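> Please see the structure below; I have some questions.
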Amino acid sequence: ESMVFLNRGDHFEGRALPLEAQLAPAFAVCVGDYDGDGKEDVFLSQNFFTVNAESSRCDAGRGLWLKGDGRGNLTAVAGQESGVKVYGEQRGAALCDYDGDGRVDLVVTQNRAETKLYHNVGGKPGLRVRLRGPEGNPRGIGAQLRLMFGQRAGAVRELHAGSGYWSQDSVVEVLSTPEAPTQLWVRWPGGKTITVNVRSGAREIEATMEGGVNVLH
Numbered sequence: 189e190s191m192v193f194l195n196r197g198d199h200f201e202g203r204a205l206p207l208e209a210q211l212a213p214a215f216a217v218c219v220g221d222y223d224g225d226g227k228e229d230v231f232l233s234q235n236f237f238t239v240n241a242e243s244s245r246c247d248a249g250r251g252l253w254l255k256g257d258g259r260g261n262l263t264a265v266a267g268q269e270s271g272v273k274v275y276g277e278q279r280g281a282a283l284c285d286y287d288g289d290g291r292v293d294l295v296v297t298q299n300r301a302e303t304k305l306y307h308n309v310g311g312k313p314g315l316r317v318r319l320r321g322p323e324g325n326p327r328g329i330g331a332q333l334r335l336m337f338g339q340r341a342g343a344v345r346e347l348h349a350g351s352g353y354w355s356q357d358s359v360v361e362v363l364s365t366p367e368a369p370t371q372l373w374v375r376w377p378g379g380k381t382i383t384v385n386v387r388s389g390a391r392e393i394e395a396t397m398e399g400g401v402n403v404l405h
């Protein structure tokens, strides 16, 4: 059974994923806000064809978008709605904003088949955030970041150099903006934290370890 484990501070709460996530094995797991509503969603790459002669191949998945409600509940989104339909043996998957429009795009690889790139055209644009780290870690890998909306905090993201199944998401994070953000909070590797103001109307910013912020767009 495929599950998600929610961090409750002193323990993890396990919840089974929806039925659609149980129909085929999952490999890559990508967490991002695909529709820009301020609630984190999940994408799963699916299927497994290399089975023994006595077993049927696991091919019931087309790649699955699970829409989050912000409280840990996930609902499967049909391919007719999400646009994601990958019928092959999916493996690596990664998130990026390849065209710089502030929406999270998706790339999915397959064994013995073409790589699929899905351009997000329906999500609400968010804020593109880059980090400028120190020598030896110029991209700030390992840093955690989140937007602040006055007293309310958005979801935490962590910059990583690998995830899922042989995959790596973009180092430019797209943080959702269901309302206008006021600040960006960053915890750098080593524990240093900074909080910088976000200028109204900014679409892309770069934050430095020293607490500086550059508006790029």
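Adding 188 to a residue's 1-based position in the sequence shown gives its number in our numbering. No residue lacks a Cβ here, since even glycine has one placed at the ideal position from N, Cα and C. Note that the structure is predicted; figures quoted are calculated from it, not measured.
May I ask you to list the residues that DSSP assigns as paired with Val292?
Start at 1 with the first residue of the sequence shown, and residue 292 comes out as number 104. According to DSSP, which records beta bridges pairwise, Val292 is partnered with nothing at all.
> Look at Gly342 and Arg334 and say whether their C-beta atoms are less than 7 Å apart.
Indexing the sequence shown from 1 puts residue 342 at position 154. Indexing the sequence shown from 1 puts residue 334 at position 146. Yes, they are a contact pair.
> Starting from the Cα of Ala349, find the closest Cα among Thr238, Ala212, Ala282, Leu207 and give me that residue.
Reading the sequence shown from its first residue, position 161 is the one you call residue 349. Measuring from the Cα of Ala349, the nearest candidate turns out to be Ala282.
> Nearest by alpha-carbon distance to Phe337: which of Arg327, Val386, Leu319 is it?
For this step, residue 337 is matched to residue 149 along the sequence shown. Nearest option by C-alpha distance: Val386.
> Enumerate, from N- to C-terminal direction, the unbroken beta strand (DSSP E) stretches of 3 or more residues contained entirely within the stretch 294-332.
Restricted to the stretch 294-332, the beta strand (DSSP E) segments that are unbroken, complete and at least 3 residues in length are 301-306, 315-320, listed in chain order.
> How long is the line joining the alpha carbons of Thr365 and Pro313, rounded to whole angstroms?
Within the sequence shown, the letter at position 177 stands for residue 365. Within the sequence shown, the letter at position 125 stands for residue 313. Between Thr365 and Pro313, the C-alpha separation is close to 7 Å.
> Starting from Glu277, trace the beta strand (DSSP E) in both directions and tell me its first and last residue.
Locating residue 277 in the sequence shown gives position 89, where the first residue counts as 1. Counting along the chain, the beta strand (DSSP E) containing Glu277 begins and ends at 277-284.
> Is the separation between the beta-carbon of Glu254 and that of Val272 shorter than 7 Å?
Within the sequence shown, the letter at position 66 stands for residue 254. Within the sequence shown, the letter at position 84 stands for residue 272. The sequence as given places Leu at residue 254; Glu does not occur at that position. Cβ distance not < 7 Å, so Leu254 and Val272 don't count as in contact.
> Applying the criterion that 16 or more other CB atoms from any shown protein chain within 10 Å of the CB defines a buried residue, is Thr297 buried or exposed?
On the sequence shown, residue 297 is found 109 positions in, with the first residue counted as 1. The residue is buried, with at least 16 neighbouring Cβ atoms inside 10 Å.
> Mapping the DSSP letters down to three states, classify Gln371 as helix, strand or coil.
As a position in the sequence shown, residue 371 is number 183, starting the count at 1. Assigned with DSSP and collapsed to three states, Gln371 falls in strand.
> Using DSSP bridges, identify the partner residues of Arg334.
To locate residue 334, count along the sequence shown from 1; it is residue 146. Its beta-bridge partners are Trp373.
> Using only the alpha-carbon positions, how far apart do Glu269 and Asp223 sit?
As a position in the sequence shown, residue 269 is number 81, starting the count at 1. As a position in the sequence shown, residue 223 is number 35, starting the count at 1. Glu269 and Asp223: Cα-Cα distance of roughly 12 Å.
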